[in-house]
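Student: This structure is in structure tokens; I'll ask about it shortly.
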Amino acid sequence: MSLTFLALHLLLLFLSPSPATSTTFPGDIEALKSLKSAIDPASITPGSCLSTWSFAAGDPCDNLFAGDLFTCGLRCDLSVSSFLRVTDISLDPAGYSGALSAAVFRLPYLQSFDASDNLLHGPIPNPTSASSLRRLALSSNAFSGEIPLSIGSISSLEELFLDNNRLSGPIPPSIANLRNLKRLEVQSNKLSGDLPDLNGLSGLYFFDASDNALSGPIADKLPTSLVEVAMRNNRLDGVLDGEATVRRLGFLQVLDLSHNALSGPVPSQLFDHPSLEQLTLSFNGFTALNPPLWSGATTSRLIAVDLGHNQIDGWLPGFMAAMPRLTAVSLEYNRFTGLIPYQYALRAVAAAMVGGGGVPFQRLVLAGNYLYGPIPGLLMALKQGGLISLGDNCLFRCPRYLFFCQGGRQKSMQVCKDFNPVIP
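In structure tokens form, the structure reads like this:
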């Protein structure tokens, strides 16, 4: 080997950078250590993601998907000043117990944190405004206490999943500060108090607060951007305002307010809404039904209507037979009376209907009312298939061998006449 070549080789070795001792930003490593140390070690089972997080043996971002270290649970998709930064943490549903470390909210480049379907407990730590989270998913754990007020400081948040925990107290008004929020799920907790004004969430399209103890009226507290709203099984009360609550939600497709204490009339705006497809108001205290104009019914987009288990008086709403897309009608256990409309029978047996085309009723549940008179002849020839129920009414001759007469005997003549003396 010539002296010139040897000198050049030594020069190259001298100029070559030494291997970095760490490729992950030190502050991110400390946050990951805090996250793991807050988890009960006994719940970190072999084969789980956290069991491969060995900080003494390797560097988190440098060892991703290489060998047996840091095989899953995090991503480092951003490089800043020659350091890799943690951008995603997704803990596997391995039954981790323990607390959630506040260090999660000190990872400035973290976009998504998901610890769903584990056994984490205690309070949700206070987020900081420095967080750039876009998705926070803590579903199906055992978190308790109140939703922290500072949750509203994560201005970048687009999806928030706090459902199926043990959270209590109100939904904090600060949530309305999350201007970028698109999806909010807080169902199946122990939340209480009035619904806060959410109109600041101008991009929110999905909201589920079912199975809590929320109370008070809804009024005009929901943002106009909503497509799906579910608040079933709460303590909501008052009247459902057709203009302030229904008409202004012009993009609404799904509305479920069942199992509450709403009262007054069911507003007509629900039946001629330009986009509503599924309406569920069962198990409330509605006492009347305001029909839409017939022209509104014929352009309705409703596919399913459930008004069962209320106290709605009057004749069966004939306009529902004119809704061309309607396939499921549940009006059971109300106070409807009169004859079963011929158009109902026609929709139950054929796709054609008076005045235009339409799909047949696959579900027609009228049990538990005060309907009287003969069963429409079209129904008598109907073969068992879809769900049709006429039990527990005042119908003349509804033998139980007919499948749609099963599920409850007809009311006694005395009960029927006490309710409506004109019933024959």
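Counting with mature numbering (1 follows the signal peptide of the UniProt record, and there is no 0), you get residues -22 to -1, 1 to 402 for the letters of the sequence shown. Where a beta carbon is used, it is the ideal one built from N, C-alpha and C, also for glycine.
Could you tell me whether the Cβ atoms of GLY274 and PHE249 are closer together than 8 Å?
Tutor: yes
Student: Nearest by alpha-carbon distance to LEU192: which of ASN211, PHE185, LEU204 and PHE184 is it?
Tutor: ASN211
Student: For the beta strand (DSSP E) holding GLN321, just list the boundary residues, first then last.
Tutor: Here GLN321 belongs to no beta strand (DSSP E); instead the alpha helix (DSSP H) covers 320 to 327.
Student: List the endpoints of the continuous alpha helix (DSSP H) containing PRO4.
Tutor: Counting along the chain, PRO4 sits inside the alpha helix (DSSP H) bounded by residues 4 to 15.
Student: Sorted by chain position, which residues of the same chain lie with C-beta nearer than 7 Å to CYS383's C-beta, five sequence neighbours on each side aside?
Tutor: LEU368, GLY369, CYS376 and PRO377
Student: Give me the residue from SER15, LEU140 and PRO151 with the minimum Cα distance to LEU162.
Tutor: LEU140
Student: Residues in the same chain with beta-carbon distance under 7 Å from GLY178, minus the five sequence neighbours each way, listed in chain order, please.
Tutor: ALA154, ASN155 and ARG157, listed in sequence order.
Student: Given MET331, which residues of its chain have a CB within under 6 Å of its CB, disregarding the five upstream and five downstream residues?
Tutor: The predicted position of MET331 is uncertain, since its pLDDT is 41 and thus under 50; a value taken from the coordinates is nonetheless stated next. Excluding residues up to 5 positions away in sequence, LEU324 and ARG325 lie with their Cβ nearer than 6 Å to the Cβ of MET331 in the same chain.
Student: Mark GLU8 as exposed unless 16 or more other C-beta atoms lie within 10 angstroms of its C-beta, in which case mark it buried.
Tutor: exposed
Student: Let me make sure I understand the geometry here. Which of PRO148, GLU255, TYR311 and LEU135 has the alpha-carbon closest to that of residue 404?
Tutor: This structure gives no information on residue 404, because the portion of the chain shown stretches from -22 to 402.
Student: So if DSSP puts ARG63 in a beta bridge, which residue, or which two residues, is it bridged to?
Tutor: LEU56
Student: Beta strand (DSSP E) containing LEU267: first to last residue?
Tutor: 263 to 267
Student: Give me the DSSP bridge partner(s) of CYS372.
Tutor: TYR350, per the DSSP bridge assignment.
Student: Just list the alpha helix (DSSP H) runs in the stretch 106 to 146, keeping only unbroken ones of 4 residues or longer that don't cross its boundaries, in chain order.
Tutor: none
Student: Spatial neighbours of PHE121 within its chain, please: C-beta separation below 8 Å, excluding the five flanking residues on both sides.
Tutor: Closer than 8 Å at the Cβ level, and outside the excluded window around PHE121, lie LEU78, LEU98, HIS99, GLY100, PRO101, ILE102, LEU140, ASN143, ARG144 and LEU145.
Student: Count the other C-beta atoms from every protein chain shown that fall within 10 angstroms of the C-beta of ASN190, then say buried if there are 16 or more, exposed otherwise.
Tutor: buried
Student: Kindly indicate the opening and closing residues of the beta strand (DSSP E) around ASP291.
Tutor: 291 to 293
Student: How would you call LEU257, buried or exposed, if buried means at least 16 neighbouring beta carbons within 10 angstroms?
Tutor: Answer is buried; the Cβ neighbour count reaches 16.
Student: Can you give me the Cβ contacts of ILE17 inside the same chain, cut-off strictly under 6 Å, excluding the 5 residues immediately before and after it?
Tutor: TYR74 and GLY76
Student: Excluding the 5 residues flanking TYR350 on each side, which residues of the same chain have their C-beta closer than 6 Å to its C-beta?
Tutor: The beta carbon of TYR350 is closer than 6 Å to those of CYS372 and ILE401 in its chain, skipping five residues each way along the sequence.
Student: Does ASP396 come out as helix, strand or coil in the three-state DSSP assignment?
Tutor: Three-state result, ASP396: helix.
Student: Does the Cβ of PRO4 have 16 or more other Cβ atoms within 10 Å, making it buried, or fewer, making it exposed?
Tutor: Around the Cβ of PRO4, a 10 Å sphere holds fewer than 16 other Cβ atoms; the residue is exposed.
Student: What does DSSP give as the partner residue(s) for SER193 in the beta ladder?
Tutor: Paired residues: ASP172 and ARG213.
Student: Just list the residues that DSSP pairs GLU163 with in beta bridges.
Tutor: PHE139 and ASP186
Student: Can you check DSSP and say which residues form a bridge with ARG341?
Tutor: ALA306 and LEU365
Student: Less than 8 Å between the CB atoms is what I'm expecting for LEU365 and VAL343, so what's the real figure, rounded?
Tutor: 7 Å
Student: Looking at the secondary structure, which residues open and close the alpha helix (DSSP H) in which SER273 lies?
Tutor: SER273 -> alpha helix (DSSP H) spans 272 to 276.
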